[in-house]
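Trainee: In full-length UniProt numbering, the protein residues as written are 1 to 590.
1) For the segment 304-344, which segments carrying the alpha helix (DSSP H) assignment without a break, of at least 4 residues, lie completely within its bounds, in sequence order?
2) Would you list the one or two residues that DSSP bridges to residue 349?
3) Quick check: what's the CA-CA separation for residue 106 versus residue 117?
4) Between the Cα of residue 576 and the Cα atoms of 262, 563, 363 and 277, which residue gives the shortest distance?
5) Residues bridged to residue 114 by DSSP?
6) Are the Cβ atoms of residue 257 and residue 292 separated by less than 9 Å?
7) Please state whether the Cβ-Cβ distance between residue 535 and residue 579 is less than 9 Å.
8) Ends of the alpha helix (DSSP H) at residue 584?
9) Under the assumption that residue 343 contacts residue 335 (Cβ atoms under 8 Å), give the Cβ distance between them as a whole number of angstroms.
10) Just verifying my parser: in three-state terms, what is the DSSP assignment at residue 101?
11) In angstroms, rounded to a whole number, what distance separates the CA positions of residue 471 and residue 329?
12) Using 8 Å for Cβ pairs, my map puts residue 376 next to residue 401. What's the rounded Cβ distance?
13) Identify the continuous beta strand (DSSP E) that holds residue 18 and give its terminal residues.
14) Whole angstroms are fine: how far does the CA of residue 325 sit from the CA of residue 62?
15) So the beta strand (DSSP E) residue 67 belongs to, where does it begin and stop?
16) Please report the distance separating the alpha-carbon of residue 384 from that of residue 53.
17) To which residues of the same chain is residue 509 closer than 8 Å at the C-beta, ignoring the five residues directly before and after it?
18) Can you say whether residue 72 is buried or exposed, counting buried as having 16 or more other CB atoms within 10 angstroms of its CB?
19) Output the distance between the C-alpha atoms of residue 247 and residue 403, rounded to the nearest integer angstrom.
20) If you follow the beta strand (DSSP E) that residue 45 is part of, which residue opens it and which one closes it?
21) Roughly how many angstroms separate the alpha carbons of residue 277 and residue 369, rounded to a whole number?
22) Going by the DSSP bridge assignment, what does residue 107 pair with across the sheet?
23) Is the beta carbon of residue 444 closer than 9 Å to that of residue 254?
24) Which stretch, first to last residue, makes up the beta strand (DSSP E) that contains residue 85?
25) Give every residue of the same chain whose Cβ lies closer than 7 Å to the Cβ of residue 333, excluding the five residues on either side of it in the sequence, and list them in chain order.
26) Going by C-alpha to C-alpha distance, which of 114, 78, 85 and 109 sits closest to residue 132?
27) State the Cα-Cα distance for the pair residue 366 and residue 351, rounded to the nearest angstrom.
28) Drop a sphere of 10 angstroms on the beta-carbon of residue 302, count the other beta-carbons inside from all chains shown, and report buried for 16 or more, exposed for fewer.
29) Are the CB atoms of residue 113 and residue 59 nearer to each other than 9 Å?
30) How many angstroms separate the CA atom of residue 30 from the CA atom of residue 349?
31) Just to confirm, are residue 399 and residue 455 a CB contact at a threshold of 9 Å?
32) Do you know offhand how far residue 313's Cα is from residue 28's?
33) Is it buried or exposed, residue 35, if we count other Cβ atoms within 10 angstroms and call 16 or more buried?
34) Return helix, strand or coil for residue 456, following the three-state DSSP convention.
35) With respect to the alpha helix (DSSP H) encompassing residue 374, which residues constitute its N-terminal and C-terminal limits?
36) Expressed to the nearest angstrom, what Euclidean distance is found between the alpha-carbon atoms of residue 337 and residue 414?
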């Protein structure tokens with residue numbers, strides 16, 4: 001071979017190398033731009049750019065890989081690792097190949113997309129001198145940080161564990177276990193194997209408890225995993241972010257929105273410091289934070305975060321990926337809360353279409369989507385489709401989840417709501433009580449789901465004329481909401497409205513008007529002016545003014561109720577006729 005080593009008279013030249021990188025490796029390289037990139041094996045390059053570019057393109061056939069064209073500037077005069085031309089001995093003739101020895105180290109230079117393709121990049125590299133000051137400092141630091149007092153396999157295992165490469169660490173310790181002879185040595189190896197497995201085991205157990213609806217044990221397990229990660233990993237390691245996200249999701253489910261937000265923000269901070277701005281893990285964090293804002297009634301920020309997540313997913317994932325469906329589901333739920341039922345239904349149906357194409361017919365994510373679609377149909381007054389959707393969800397949950405799982409309670413509650421709106425008080429009360437029974441056994445006593453259940457039961461008692469039980473149920477709901485929600489949350493407004501309705505029917509118009517006014521004050525602060533939730537408030541206040549012989553005000557409120565519904569729900573919605581009848585009645589009283 002023609003040797004290139006030590007030929008100081010030679011001029012600098014450029015070689016090329018095409019390669020596929022996983023997203024994780026590519027993201028790490030982006031975050032270390034201007035830093036050092038080692039190649040820990042023999043590195044084969046060519047003098048021909050197109051040859052390497054073609055190879056980089058071929059690697060993109062695997063969805064998990066990003067094609068990289070390395071453009072390497074070589075100065076033969078510097079002291080570095082050996083490299084050699086292998087023109088005459090290479091299998092690939094005419095490619096003018098240059099082979100670099102193991103442990104070649106380059107400095108990462110500018111990076112740019114090729115042809116505007118987010119999965120094909122050119123990365124400029126410069127071969128560095130082995131006496132490079134940064135390399136010397138880094139080498140010394142690595143030696144000091146990588147257990148210099150330990151030798152062999154044990155040292156490698158500890159390094160892999162510290163790097164968070166737990167699977168590889170386990171392989172090393174399995175090998176080491178076979179090679180140890182004394183009980184003391186074996187006990188040390190078993191200890192490290194236990195450390196490798198404990199964190200992930202706790203996380204997996206936490207996920208299992210979460211899926212079972214056992215949120216107390218889920219949080220406990222995730223926190224044990226987090227403690228291990230905090231003691232063994234760097235402060236910005238992705239496994240820490242995953243752990244924070246898992247904890248945040250459970251806190252969100254039990255209604256502890258403060259801790260949920262805190263956990264998700266910690267995860268987001270790690271991702272923002274370590275990942276590119278379009279990484280799917282960032283989207284997951286945005287999605288989770290959006291869910292908390294939705295539950296807090298902060299629909300503007302909920303939509304903002306969910307849209308950020310969707311933008312990333314659409315730019316990085318195939319169009320039928322489950323993450324896209326999750327994003328569509330969440331955005332649809334926000335629109336439903338905002339009273340924009342057309343957009344809500346559109347997004348939910350996009351999610352359903354993806355799930356139906358990629359999931360088995362009894363998957364819980366399908367049930368969640370059916371539930372969401374049912375909620376929209378219920379709000380639109382299409383009770384037949386609402387009931388059908390909720391019953392599909394319930395059937396899936398009953399076939400896949402424990403009988404006391406909170407998601408089953410959610411389905412019973414949703415079906416009860418449809419029966420309630422249809423005027424079927426008996427079936428509504430039965431479903432609501434089934435939901436309440438499960439939630440009381442599985443959720444904290446101040447969870448918002450319990451408040452929702454008390455509200456719904458109170459509404460049925462109201463319809464049945466049992467005002468004493470109606471008032472008792474609504475006041476239980478209000479007490480929970482006041483302890484757990486911000487003072488301008490829409491659910492508080494609903495609670496005030498419900499209590500006002502009962503007092504009105506009991507003939508206590510002064511108290512009724514007071515609660516209606518509190519309801520209206522929150523709605524005006526938090527909802528768009530054409531939101532359907534204004535309609536019942538205006539409707540009630542119109543009838544109150546009528547009873548107080550304030551007919552001009554009564555007509556104004558009743559007209560607002562009718563107008564809002566005409567502009568926000570289908571023309572067949574039964575409440576339109578209800579408020580129109582009220583308006584006619586008030587006008588006749590004038």
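All C-beta atoms in this analysis are idealised placements derived from N, C-alpha and C, irrespective of residue type, glycine included.
Mentor: If we stick to the structure as given:
1) 322-337
2) Paired residues: none, contrary to the question.
3) 25 Å
4) 563
5) 117
6) yes
7) yes
8) 574-589
9) 4 Å
10) coil
11) 35 Å
12) Rounded, the Cβ-Cβ distance is 23 Å, inconsistent with contact.
13) 13-22
14) 22 Å
15) 65-74
16) 58 Å
17) 503, 544, 547 and 548
18) buried
19) 24 Å
20) 43-46
21) 29 Å
22) 36 and 126
23) yes
24) 83-85
25) 294 and 372
26) 78
27) 9 Å
28) buried
29) no
30) 37 Å
31) no
32) 20 Å
33) exposed
34) helix
35) 364-380
36) 15 Å
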